[in-house]
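2 protein chains.
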Amino acid sequence: MAKKYVYFLGGGKAEGNGQMKDLLGGKGAGLAEMTNLGVPVPPGFTITTEACIEYFKNNGKYPAGLWDQVLKNMKKVEKLMNLKFGDPKRPLLVSVRSGAKFSMPGMMDTVLNLGLTDETLKGLISMTNNERFAYDAYRRFITMFASIVMGVDRMEFEDLLEKMKEKVGAKYDSDLSAEDLKELVKQYKKLYKKLVKKPFPNDPYEQLKLAINAVFNSWFGERAKTYRKLHGISDDLGTAVNVCTMVFGNMGDNSGTGVAFTRDPSTGENRFYGEYLPNAQGEDVVAGIRTPLPVDALKDSLPEAYNELMKIYKKLENHYRDMLDLEFTIQEGKLYMLQTRVGKRTAKAALKIAIDMVKEGLIDKETAIMRVDPEQLDQLLHPMIDPKAKLKKVAKGLPASPGAAVGRAVFTAPEAEKWAEKGEKVILVRLETSPEDIGGMHAAQGILTARGGMTSHAAVVARGMGKPCVAGCGDLKINEKKKFFEVNGEKVKEGDWITIDGSTGDVIIGKVKLVAPQMTGDFEVFMKWVDEARTLGVRTNADTPKDAKVARNFGAEGIGLCRTEHMFFEEDRIKAVREMILSDDEEGRRKALKKILPMQKKDFKGIFKAMEGLPVTIRLLDPPLHEFLPHTDKELKELAKEMGVPFKKLKERNESLKEFNPMLGHRGCRLGITYPEIYEMQVRAIMEAACELKKKKVDVKPEIMIPLVGHVREIETMAELVRNTAEEVMKKKKVKVDYMVGTMIELPRAAITADQIAKHAEFFSFGTNDLTQTTMGLSRDDSGKFLPFYVDKKIFPDDPFVTLDIEGVGELVRIGIQKGRSTRENLKVGICGEHGGDPKSVTFCHSVGMNYVSCSPYRVPIARLAAAQAALREKMGDLSKSTV
Amino acid sequence: MAKKYVYFLGGGKAEGNGQMKDLLGGKGAGLAEMTNLGVPVPPGFTITTEACIEYFKNNGKYPAGLWDQVLKNMKKVEKLMNLKFGDPKRPLLVSVRSGAKFSMPGMMDTVLNLGLTDETLKGLISMTNNERFAYDAYRRFITMFASIVMGVDRMEFEDLLEKMKEKVGAKYDSDLSAEDLKELVKQYKKLYKKLVKKPFPNDPYEQLKLAINAVFNSWFGERAKTYRKLHGISDDLGTAVNVCTMVFGNMGDNSGTGVAFTRDPSTGENRFYGEYLPNAQGEDVVAGIRTPLPVDALKDSLPEAYNELMKIYKKLENHYRDMLDLEFTIQEGKLYMLQTRVGKRTAKAALKIAIDMVKEGLIDKETAIMRVDPEQLDQLLHPMIDPKAKLKKVAKGLPASPGAAVGRAVFTAPEAEKWAEKGEKVILVRLETSPEDIGGMHAAQGILTARGGMTSHAAVVARGMGKPCVAGCGDLKINEKKKFFEVNGEKVKEGDWITIDGSTGDVIIGKVKLVAPQMTGDFEVFMKWVDEARTLGVRTNADTPKDAKVARNFGAEGIGLCRTEHMFFEEDRIKAVREMILSDDEEGRRKALKKILPMQKKDFKGIFKAMEGLPVTIRLLDPPLHEFLPHTDKELKELAKEMGVPFKKLKERNESLKEFNPMLGHRGCRLGITYPEIYEMQVRAIMEAACELKKKKVDVKPEIMIPLVGHVREIETMAELVRNTAEEVMKKKKVKVDYMVGTMIELPRAAITADQIAKHAEFFSFGTNDLTQTTMGLSRDDSGKFLPFYVDKKIFPDDPFVTLDIEGVGELVRIGIQKGRSTRENLKVGICGEHGGDPKSVTFCHSVGMNYVSCSPYRVPIARLAAAQAALREKMGDLSKSTV
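Going line by line, the protein sequences match chains A and B. The opening position of the first sequence corresponds to residue 204 in the working numbering, with each subsequent residue numbered one higher. The opening position of the second sequence corresponds to residue 204 in the working numbering, with each subsequent residue numbered one higher.
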């Protein structure tokens, strides 16, 4: 017997259910679950993801039994609806929609009104007694079928439509008469034949087969691939296909279609929230072409349907115990639910909904914690417009995705990507966005559109990305071709600075100052739960007291990486640093270092004070010395003059310091070993600062870190130098400070020999930036030439500088921890690469038993949440599962 | 009871024996063994290496019981000799010599005639009835004691000696009268007081203690440390101290001293071979100050002693079953043996002795194999002077160490090192060498001295190093200060080219062409035994048919690494290569590659033919493309003109290709993945060459190797491309060629994920050059700034680019092999870094189960021998032991 590839739903019962997302996709499982719950869903069936996978395995051939099962299920639908697919009298029409395991809005293709032919059209007219409606459905179907199934340009059809509207003086599509549409269908079929080189198919089963294939094939369409790449979804899942009885929202004023959320997806407020477009099909809402009405408008126009919708949404939310995103259609007053799924929401809404649902007893705290995507939290942490700033507000659109953004205006997605690659901040300004714009939206700081509502493509995608978005700002007169927009007498050209506030909808001319966000009460409550759940510590990478304070406010429990070289660059000391580098001997270096010492000491005092009571890990000098010297002859000459050193000498020394591969050069502890006086000065500055503060009752916890250790003898020698110097300072200052000496683990050799190294190091901090570079033989500075290609072609699953390469680099981390603790049981272990703020990487850090992660100040809350989720997943026995 | 720190020897019986080298040092164990064998050895005692170690542990204090044991053993010697230490009538005099486990010629300090004071001098005069001898002994003792024990400048004493000789018109030291010496002793004692700021010690026990301390301390003298570093001997062994009754070779013409070998150390000929200096102390021979007589001269002058010496040497050689180095002294006709140890020998001698001793039944083949140092074999493989070359021979010295060398003349060791660092080849020209010159000798291509014999410092050390050396070339008038020498009317200044032939003793003006050496019959016999013993294959790294042939003659069993980029650089094709690089698109690149293909094909044909029947591993393009472009604007402009490309475009493309860290950049398979057409062309060239030869019945075994793989997807993609292209070519050429597809393992990530990679690779070749760079984060090109310091300060035990870092890089190799074979049992594994020719590293490769090593052609025999020794050591259950 053939495998079961098709699951029926209809008549109050479904073969599938809401748990079967892997097999039926999110949409199919939702339809089955709703059917089983007694919610009105148009009957139909779901072709499984397994069928899709088989289809690709067989190079586009259906697996055995699939088509038979499709035919059998079609019969069941026909029977239930008392209609017949392809019947010239009572034709059954269907929609064909994709539906993968994970919701991918706008990514997959949908075909409506399938089954319409010249023959069945007659039946539709006689059944509905509405010629205009029938021709409208037909012309829509031809357009969708031609563009989505046959892959020709949709715009050619739209052009004919526009011409017709012009010809008859229609403003909206709905102003066209039946005769107009009849004529249009004729033109469409002619155009179809011209473009596809075949007549429009007259066999509904042929239409169905081609449509199913198109859904399958769209799984590997560029748009879908891009979305999956951005969201870390596997290519191997496949999509299901949902074939459902068509219901029509475009059958007159007692019909319509809408999209709604069981709570406000932007604020999280507990109110039914949605948009409704009378006399329209679903595509009209999502595409954002006409601005819809609020769903409440139904209360007056169609109270019965409205009341049923109210009952259904509550039933569904209680059932799913989560905020849901619903699609519905009202056909001549009767309500049909077309889809339900967990609704996308802003971070603010996610927090509020999670907290409210705990209060309502719908979910527990742990579930609440799992409900918020750590990456999304970033939204809350985005800077806002400085309340004191003077603003040149020129327009107001919909507050579609919160946060403020500043950037230069660009008018196409490719331009957005191009400018961003050059390091420019841009705001993508579009009439409306479409899935082709995903890349550009990703590259932009924020998105501004002239058309579309809160559930338009731009708004949904921006919220998902955590990007500020102002949508549907109708005042904007955008000329995408000539690259400018006009608004209320102002003209903004490509490259001009603008600011948008996605929380208010304001559009502002110019570059506005942004400020750090204020944390809401919800945020504090939620993060308290988070901290209760997590076991992994979260520190920050901070080089200044200011950064340290920001991070501490965000909940950082210490500094995991304080880089001392940034201090060397400051204007008042770079001169002494250069003098030190240019000295021929130790004596000269010591003389220069003496000048730097009091300045470094002051720096450390500031940081120790900002972090009072918390540990501060200070890394001794790491970069190669040539980084501190000027790079051009002109600068060198000026420096020579200023320092009273002959230019030639300076030039020679500069040349002699140059390196072919500075990443693998004379840096890190290699500096400390060849010029011990540099590290000695730094340790002296740290310990003098610590001792002097300790005397003033400030609780200081310095942890001195040796960078780039690869061999046990390096840490042995350097740890001895640190301890000798520290003891000497404490003896002189007559005070004891608890301090630790440890090392970065950032070379494969260090991980491999961690058992030896741990004998001399009290803590390890994995420097996964450099460890990634060395383990993979990949220069971060140079990889731009091929790394994007690698990620694009799936040679690497992720950019290893963003998400830790767990199989390779991660394996060395695991080995390093295990070996390190084999000789020092209580070894403290952390991470201080960029990965410390990446949720997937934080999960890994938890799983290998690190004590803490350290990340940039603004990512501290994200790391805290990721750590809590990792702990909870571990509790649930599922650490491998990624967030989402 | 105190530990036993002192071992007695004398009266035909010793407390120690020849096995106790660890405790008594080589010299002490040899003296004990000789004593036990009934060989005449002056009585004495050995202070153990343990005492030395304790001495350093206690910061220069003697361990409990040591001094008591010294005193007690001194009494035993006194009794046996019927003399008394410090006695004014019958004084016992002793020598104090160092003696570590490993022979370190000239490295350690010796004090003779110890026990002489103004008081005991009288006894020596009355006992010997030879005032001249006694004063000569006294002045020698003062000089040695002052310089070696008290560390003052020996030259100040020599100056007084020279002045005295001048004053009385003496040519040799021996021309000085007793009165002259008496006066000299007075002057010496005055000078001693002036330099040391204390009078010369009058207590013989004080002398003894200071001398023992000096021997101990010399263990950490710079010379000793340098020698140990060069020879990989641990600092932790310590040295023993040998205190022996003095016997005098300077008591007249029936006295003398000599050094001999039981076989010829230069040729290996089975004849007693040595040198003898009448009326002299040992230091006179070794220092090479006077040119000695052949030992056979004794046959006539002192036949009795000669006959006994003959009997003793045979007895000792039979006992030790190895060629020995003997030191003896004849005091008034009576022979004393002062030392025996395994003799250093040239590679040629080592081979001959090993083979002869097998024939003589003294040793078996396996022992013979272990007797030859693989590194030393290099000597035999050194190029010789081209027999057809016209030579400007200007002088002839002693053929002290075989092989020819060409270089620029330098006159001091530091200059030699300085020039060599700049990449210059130098010949170190010295009056005579001393231990201070070790570094310079190492840096030089060869050594030329004006004084000293075959056993002079220069000769012994050069042979140990395998460097050509011409010694004792008396015609040379060297002015070390002014940096030139004159010889037979020619003047050679610093930097002038000279050539020396260490096999003939010829000194030649100018730069002479050298040719590959001819292998001797011994070499062939020996290497046959070697090949029978080894299990590890030995291949070569060769990019040209010429290199391939050389290597094949040296026994290479295939090519382990054929780099294709060298072919890209050749003059007739670099233009097409540059055209390819500068193309904007694939089409342009393909056009240029089409021009390169026939040339590459020709290259491969040549190599396949040279290696007929043997496997040839070809690495696809590896270096970043910018390496092929010119580096200066001038060159770029010329190229632009030649190619008809605008300079600006060329310049821009050149700039865009530049990398911060090219080692970690766009190279290796990253090129193949981003520009598959390049690899496709190369595979096509390889397979077309292979197919066309196969049709002509040439047996070809191509192994195609993908470089810089770090991720399974890289090898998967590239292996597919290789296989598809190969199959296509074979189909077209209608012939099947057995080929393999494999990868370099040169990134830590590759080793860590070798199980995945092996699924797609039929062989692994460890590229340990790059693997060392990435694992240790160490750029080979830049490490010159600190690596020498690291090796010097013992941060690293060895230069990791010379000897594989077994703990770190080696561990990744081990992991890579184990993981690789876990998914592909019959995975072929080799190494193709420079380490493939380093004996210690070869031992490691054997131990981890590699199939082969691959090294440069001239190192193939070395690798073969090292592989055989590794196999034998494994058989003996001792793989950890390094080669000696």
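Don't be surprised by glycine CBs; every beta carbon is placed ideally from N, CA and C.
Any idea what DSSP makes of residue i, helix, strand or coil?
{"i": "D271 (chain B)", "result": "helix"}
{"i": "G213 (chain B)", "result": "strand"}
{"i": "C1058 (chain A)", "result": "strand"}
{"i": "D276 (chain B)", "result": "This sequence places Asn at residue 276 (chain B); Asp is not what is there. Reduced to three states, the DSSP call for N276 (chain B) is helix."}
{"i": "V299 (chain B)", "result": "strand"}
{"i": "E841 (chain B)", "result": "helix"}
{"i": "V932 (chain A)", "result": "helix"}
{"i": "L501 (chain A)", "result": "helix"}
{"i": "G309 (chain B)", "result": "The predicted model places G309 (chain B) with a pLDDT of 49, which falls under 50 and marks its position as unreliable; any figure quoted below should be read in that light. If DSSP states are grouped into helix, strand and coil, G309 (chain B) belongs with coil."}
{"i": "G642 (chain B)", "result": "helix"}
{"i": "S968 (chain A)", "result": "strand"}
{"i": "L484 (chain B)", "result": "It should be noted that the sequence gives Gln, not Leu, for residue 484 (chain B). Q484 (chain B): coil per DSSP, three-state reduction."}
{"i": "C447 (chain B)", "result": "strand"}
{"i": "W622 (chain A)", "result": "helix"}
{"i": "V561 (chain A)", "result": "helix"}
{"i": "Y476 (chain B)", "result": "strand"}
{"i": "G1033 (chain B)", "result": "strand"}
Confirm the yes/no value for this check: CB of residue i, any heavy atom of the ligand SAM, distance under 7 Å.
{"i": "Y509 (chain A)", "result": "Among the components of this structure there are no ligands whatsoever, and the ligand SAM is therefore not found."}
Residue i versus chain B: which residues are under 7 Å apart at the beta carbon?
{"i": "E257 (chain A)", "result": "The premise fails here: E257 (chain A) is roughly 23 Å from chain B at the closest Cβ pair, so nothing lies under 7 Å."}
{"i": "T956 (chain A)", "result": "E1010 and G1011"}
By the criterion of Cβ-Cβ separation under 9 Å, what are the contact partners of residue i in chain A?
{"i": "R766 (chain B)", "result": "The premise fails here: R766 (chain B) is roughly 18 Å from chain A at the closest Cβ pair, so nothing lies under 9 Å."}
{"i": "P865 (chain B)", "result": "F863, N864, S982 and D985"}
Under 9 Å Cβ-Cβ, which residues of chain B neighbour residue i?
{"i": "K988 (chain A)", "result": "S859, L860, E862, G868, H869, R873 and T877"}
Could you name the residues of chain A that residue i contacts, counting a contact when the two beta carbons are closer than 7 Å?
{"i": "F188 (chain B)", "result": "Examination of residue 188 (chain B) is not possible in this model, given that chain B is present from 204 through 1087 alone."}
{"i": "F992 (chain B)", "result": "T877"}
Who are the neighbours of residue i on chain B, taking C-beta pairs under 8 Å?
{"i": "L950 (chain A)", "result": "T978, M979 and G980"}
Pick out whichever of the options has its Cα sitting closest to the Cα of residue i.
{"i": "I998 (chain B)", "options": "B:V1005, B:N333 and B:L990", "result": "B:L990"}
{"i": "R293 (chain A)", "options": "A:L1015, A:A608, A:G970 and A:K282", "result": "A:K282"}
{"i": "S380 (chain B)", "options": "B:K400, B:N333 and B:M353", "result": "B:N333"}
What does residue i pair with, by DSSP beta-bridge criteria?
{"i": "T652 (chain A)", "result": "A:R633"}
Residues, ordered as in the chain, of the stretch 875-892 of chain A that lie near chain B by beta-carbon distance below 9 Å: I876 and T877
Near-chain A residues of the stretch 965-985 of chain B - C-beta to any C-beta below 8 Å: D973, Q976, T977, T978, M979, G980, L981, S982, D984 and D985
Could you please tell me which residues of the stretch 892-921 of chain B, in chain order, have their CB closer than 8 Å to any CB of chain A? L911, G913, H914, R916, E917 and T920
Residues, ordered as in the chain, of the stretch 819-835 of chain A that lie near chain B by beta-carbon distance below 7 Å: none
Residues from the stretch 1012-1031 of chain B in contact with chain A, defined by Cβ distance under 8 Å: V1012, E1014 and L1015
At a CB distance below 7 Å, what residues from the stretch 356-373 of chain B approach chain A? Give them in sequence order. none
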